[in-house]
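In full-length UniProt numbering, the protein residues as written are 1 to 524.
What follows is the structure, given as structure tokens:
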């Protein structure tokens, strides 16, 4: 076991040998043996071993193993020094092994050590991206759960920081290929992270690239299987996948498969959906996703059948006016509740798909059915006018900070919802029904306007999805509002607005069928 003096002496021999350093194998072996010494000897070994590593290829395995011993030392300062020097071992065929080792070291709970590992991985990524990815994906596929989790998060946060000369087309193709292997068995949270990784790749920004991502999501959503509304995992999978797919849709990347599945499998089971997250209005969440996708639906094979299912579901939320007694008052105790959030989503979706079959209401429905629908529309419109007037009155003159209170925020959203429904109902009252008006869904970002001004409409059927406002909340963090319900003649102050939390997505370690047990190899 060499002393500090012996280590310095052998270091001097190697440093002075210049071109002939490779001839002093014995001196380098003494330095390797330094890992068996005390704290001072180990610190020196951690610095000296990598410095001369490249000159002794026949001792490569011994040198790497010696450095790894230091990476696992009980002294945190020795571990940090050893980790910091690991990129110097990443040469040639050793690089994937070093990447594999660094990936395993991501499991450390020491923040300084963790940052060193991240920096070391980024360093070797710039040397050889493909080799580094080999080490990372090896651990993602076969490593311990904590290593897998942190390796995926490393890719999701660090890839976007790498320059174009590192993330070449070939490197991105490797990321896609390896990601597909991982996606065969992932949890919901892992799936979201991988979609973040893949959607950020430049090679997948094209129409064909986006289409490829949509196909990946559709496969993950299991759209070929019968939907089970009573299985929270099944419901969660569909929600998670659809959320990832929505930003990918455009006039060239169609949502047809998803919209068809929602119409055929989900809408008929809407009332029996099992919520995967406590406090989530699962029915409203599903209807919002359908509304967002409906703008980008292409040619649908069973358009009339699915449009009828959508129409029938819309009727459920558009009540007939209550029967009047002989004295002119309501025969019942109270008037039907008007669920504006649901109707906005369903009416918008019907309006979007109705454009593809404009004679649906006039030619596909019998006269009695159409008359019934017009009565429901008229009754709903009457309730809308009352709400809109009361909401405008409540918000009149309020600007700036006054509009930022929770109560007024809810009223602003309610006004958007009721205005949207009003525009769409007016379209359907045309003879024949029209599908020309465009509205911005109430939860989508719009240009800021002062109360009292005419609100500009945004064409949600344009060629690309509406751009997200950089200052706005992230999609998964948005608030879901339940607008006024009850008798439409109710006083505004008594409206029962219920604010619901946004869908959270991840459910810890529970997967979509859960990842199977993987074999655990020896560390390193």
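Using N, Cα and C, we set each Cβ at its ideal position, and we do this for glycine too.
Cα-Cα separation, residue i to residue j
i: residue 96; j: residue 134; result: 6 Å
i: residue 369; j: residue 157; result: 54 Å
i: residue 62; j: residue 160; result: 35 Å
i: residue 262; j: residue 186; result: 23 Å
i: residue 67; j: residue 94; result: 13 Å
i: residue 14; j: residue 138; result: 36 Å
i: residue 89; j: residue 237; result: 43 Å
i: residue 109; j: residue 406; result: 40 Å
i: residue 163; j: residue 178; result: 21 Å
i: residue 170; j: residue 209; result: 14 Å
i: residue 17; j: residue 51; result: 13 Å
i: residue 372; j: residue 206; result: 46 Å
i: residue 424; j: residue 408; result: 24 Å
i: residue 122; j: residue 440; result: 42 Å
i: residue 397; j: residue 391; result: 12 Å
i: residue 118; j: residue 140; result: 16 Å
i: residue 352; j: residue 257; result: 16 Å
i: residue 231; j: residue 239; result: 13 Å
i: residue 149; j: residue 190; result: 8 Å
i: residue 73; j: residue 155; result: 27 Å
i: residue 387; j: residue 182; result: 51 Å
i: residue 85; j: residue 20; result: 23 Å
i: residue 382; j: residue 153; result: 52 Å
i: residue 3; j: residue 125; result: 36 Å
i: residue 299; j: residue 319; result: 31 Å
i: residue 337; j: residue 136; result: 55 Å
i: residue 98; j: residue 112; result: 19 Å
i: residue 562; j: residue 234; result: For the chain, the structure presents residues 1 to 524; residue 562 sits outside this window and is missing.
i: residue 304; j: residue 394; result: 42 Å
Reduced DSSP secondary structure (H/G/I, E/B, other) of residue i
i: residue 387; result: helix
i: residue 242; result: helix
i: residue 177; result: helix
i: residue 362; result: helix
i: residue 187; result: strand
i: residue 5; result: helix
i: residue 289; result: helix
i: residue 336; result: coil
i: residue 296; result: coil
i: residue 227; result: coil
i: residue 150; result: helix
i: residue 108; result: coil
i: residue 351; result: helix
i: residue 255; result: coil
i: residue 130; result: helix
i: residue 302; result: coil
i: residue 319; result: coil
i: residue 209; result: helix
i: residue 274; result: coil
i: residue 346; result: helix
i: residue 249; result: coil
i: residue 357; result: coil
i: residue 268; result: helix
i: residue 201; result: coil
i: residue 172; result: helix
Residue i, buried or exposed, once every other Cβ within 10 Å from all chains shown has been counted against 16
i: residue 477; result: Note that residue 477 scores 37 on pLDDT, short of 50, meaning its location in the model is unreliable and no value can be drawn from it.
i: residue 188; result: buried
i: residue 432; result: exposed
i: residue 452; result: Because residue 452 sits at a pLDDT of 41, beneath the cut-off of 50, its placement in the model cannot be relied upon, and the following sentence gives the value as read from the coordinates. The residue is exposed, with fewer than 16 neighbouring Cβ atoms inside 10 Å.
i: residue 429; result: exposed
i: residue 92; result: exposed
i: residue 293; result: buried
i: residue 107; result: buried
i: residue 145; result: exposed
i: residue 285; result: buried
i: residue 82; result: buried
i: residue 411; result: buried
i: residue 57; result: exposed
i: residue 26; result: exposed
Q) Pairing CB atoms from the stretch 21 to 38 with CB atoms from the stretch 2 to 10, are three or more of them under 8 Å? A) yes
Q.
Quick check for students: name the residue ranges of the alpha helix (DSSP H) that lie wholly in the stretch 393 to 454, counting only runs of 4 or more.
A. Within the stretch 393 to 454, the complete alpha helix (DSSP H) runs of at least 4 residues are 406 to 429.
Q) Using 8 Å as the Cβ pair cut-off and three pairs as the minimum, do the stretch 244 to 259 and the stretch 276 to 285 touch? A) no
Q. Is it a yes or a no for the stretch 365 to 384 touching the stretch 399 to 410, going by three-plus beta-carbon pairs under 8 Å?
A. Judged by pairs of C-beta atoms under 8 Å, the stretch 365 to 384 does not touch the stretch 399 to 410, as fewer than three such pairs exist.
Q: Specify whether the stretch 111 to 130 and the stretch 169 to 186 touch according to this definition: at least 3 beta carbon pairs, one from each stretch, less than 8 Å apart.
A: yes
Q | Three or more C-beta pairs below 8 Å linking the stretch 223 to 232 and the stretch 196 to 209 | A | no
Q | Ordered list of alpha helix (DSSP H) runs contained in the stretch 17 to 103, each at least 4 residues | A | Within the stretch 17 to 103, the complete alpha helix (DSSP H) segments at least 4 residues long are 25 to 32, 39 to 51, 60 to 71, 76 to 85, listed from N- to C-terminus.
Q.
Could you check whether the stretch 416 to 426 touches the stretch 344 to 355, counting it as contact only if at least three pairs of C-beta atoms, one from each stretch, sit closer than 8 Å?
A. yes
**Q.** At least 3 beta-carbon pairs within less than 8 Å: the stretch 37 to 52 vs the stretch 64 to 81
**A.** Cβ pair count under 8 Å is three or more, so yes.
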